[in-house]
Every structure is written in structure tokens, then in C-alpha cells.
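See below for the structure under consideration.
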Amino acid sequence: MIKLHHLNHSRSIRTLWLLEEIGLPYELVAYRRDPQSHFAPPALAAIHPLGKSPVIELDGQLIAESGAMTEVLIERFAPHLAPDRSSADHAAYLQWIHFAESSAMLPLLLKIFTSRESAALTFLPGYAQQECDKVLGYLESSLAGRTYLLGERLSGADFMMVFVAELALRLEQPENYPNLQRYVSGLRELDSWKRAQQVEQQQYSS
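Mapping the sequence shown onto the UniProt record's numbering, position 154 (from 1) lands on 154, and the numbers just tick up by one.
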């Protein structure tokens with residue numbers, strides 16, 4: 001059975017709605033935000049290192065990131081909710097799934113955080129550092145003993161993560177993240193990465 005770790009007033013409503021649409025039995029584990037800070041409770045960090053919701057448990061595996069679980073659940077249990085991979089709509093479908101948590105979400109969050117300037121000045125730096133620490137700690141532990149994010153096989157996950165990883169090492173103390181440093185160094189040694197760098201340099205050298 002699918003288990004959904006659900007937080008009130010959060011992105012998790014997407015996954016709850018999807019499970020209802022699919023119609024499969026599932027178990028809901030409910031969490032409440034702290035009424036003062038509005039943060040998720042520490043209990044969620046015991047489920048997943050990022051301490052966020054939604055998280056689902058499926059066949060003994062924890063899956064975080066609502067875009068990933070949306071793709072997994074639809075592919076396995078409700079393929080009618082996605083366009084055929086060979087159709088012209090499939091690329092647009094993936095674009096909208098990823099748009100929701102990338103380009104679309106950040107400016108909206110900044111709008112919320114800065115709605116009161118005095119609060120934003122004291123809140124934003126601490127919040128940003130706290131979230132960076134969570135993300136980088138998760139990356140660091142996930143890369144332990146691995147060449148790539150999925151083990152010894154280069155995948156699309158690495159192509160998506162390289163910009164984030166390089167930026168993080170520039171913004172934070174890289175010595176605190178030896179696995180992340182090793183990971184980025186390894187990616188930089190790949191022939192395809194070197195070729196991409198050469199192409200970019202040629203384009204902008206004039």
C-alpha cells in the first residue's frame with residue numbers, strides 16, 4: 001500500500017489529490033505545521049532528511065519531490081493521465097511538471113517572504129541558510145560511496161544536478177562537503193563535459 005506523509009497547507013495537496021484521482025488504497029500520515037513559525041514539525045525529518053512533505057513510501061522505497069512522485073505514480077498506476085511518450089504533447093507535459101517547482105515556485109515564495117519587509121530582513125537569511133544546509137547535507141550523504149547520483153551509472157539526474165552542485169560549492173564552504181566536491185570533480189573529467197565547456201567558450205570568446 002502507498003503511504004503518504006502529508007503536511008497541512010503544503011505542496012502535498014498535489015499528491016493527495018492525485019492518489020484520490022487514481023483511486024488506489026493508500027495510508028495517510030498527517031502532520032501539522034507549527035502555529036507560530038509555520039514550519040513543518042521535526043517529525044518529518046525523521047522520515048526524510050529534508051524534513052519536507054510530500055513524501056511517499058512505495059514498495060519499501062521513500063520518494064520525495066512532488067514532481068518525481070507525480071511521474072512515478074502516473075507511470076505505474078494511471079498512464080492515462082500522461083500523454084504518450086511518442087506524442088507531441090509529452091515534452092510539454094514534462095515541462096509543466098518541472099515548471100511548477102522550478103521557475104514558478106521561487107518568485108512566489110519570495111513574494112510571500114518579502115511581503116513584510118522588516119520580517120523579511122530578519123527571516124530570509126536564516127531561512128535560506130537552513131534550507132541550504134538541508135539540501136547540501138542530503139546531497140552529501142546521498143553521494144557517499146557513489147560516483148554518480150544513481151551509483152556508477154551516469155544519468156539524467158546528474159545532468160540536472162551539475163549546475164546546482166557547482167553553485168552550492170561556490171556559495172558554501174566546500175571543505176564541509178567532500179563527497180559533493182568529489183562528485184563535481186568527477187563530472188568535470190568527463191569528455192562530454194569538457195566538450196560542452198569548449199563549445200561554450202568558443203561561443204562567448206569574441
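Cβ coordinates follow ideal geometry from the N, Cα and C atoms, glycine included.
Checklist entry - What is the residue span of the alpha helix (DSSP H) that isoleucine 63 lies within? => result Not the alpha helix (DSSP H): isoleucine 63 falls in the beta strand (DSSP E), residues 61–64.
Item to check | Anticipated Cβ contact below 8 Å, alanine 40 with leucine 18, distance rounded | outcome: Actually they are not in contact, since the Cβ atoms of alanine 40 and leucine 18 sit about 20 Å apart, beyond 8 Å.
Checklist entry - Straight-line CA distance for aspartate 133 to serine 86? => result 40 Å
Checklist entry - Hey, tyrosine 127 and leucine 50: beta-carbon distance below 8 Å or not? => result no
Checklist entry - Would the stretch 65–80 and the stretch 96–106 be scored as touching if the rule is three or more Cβ pairs under 8 Å? => result yes
Item to check | Cβ neighbours of histidine 48 in the same chain (closer than 7 Å, five flanking residues each side left out) | outcome: Val55, Leu62 and Ala64
Checklist entry - With 16 other CB atoms within 10 Å as the buried threshold, where does lysine 52 fall? => result buried
Next on the checklist: Please give the ranges of any beta strand (DSSP E) in the UniProt domain "GST N-terminal" (1–81), keeping only runs that are unbroken, at least 3 residues long and fully inside the region.
Outcome noted: 2–7, 26–31, 55–58 and 61–64
Checklist entry - What distance in whole Å lies between the Cβ atoms of phenylalanine 77 and isoleucine 22, which are believed to be in contact at a cut-off of 8 Å? => result 5 Å
Checklist entry - For the 8 Å Cβ check, are there 3 or more pairs between the stretch 173–180 and the stretch 147–155? => result no
Checklist entry - Roughly how many angstroms separate the alpha carbons of leucine 58 and glutamate 71, rounded to a whole number? => result 13 Å
Checklist entry - What number of angstroms, rounded off, separates the C-alpha of glutamate 20 from the C-alpha of leucine 73? => result 12 Å
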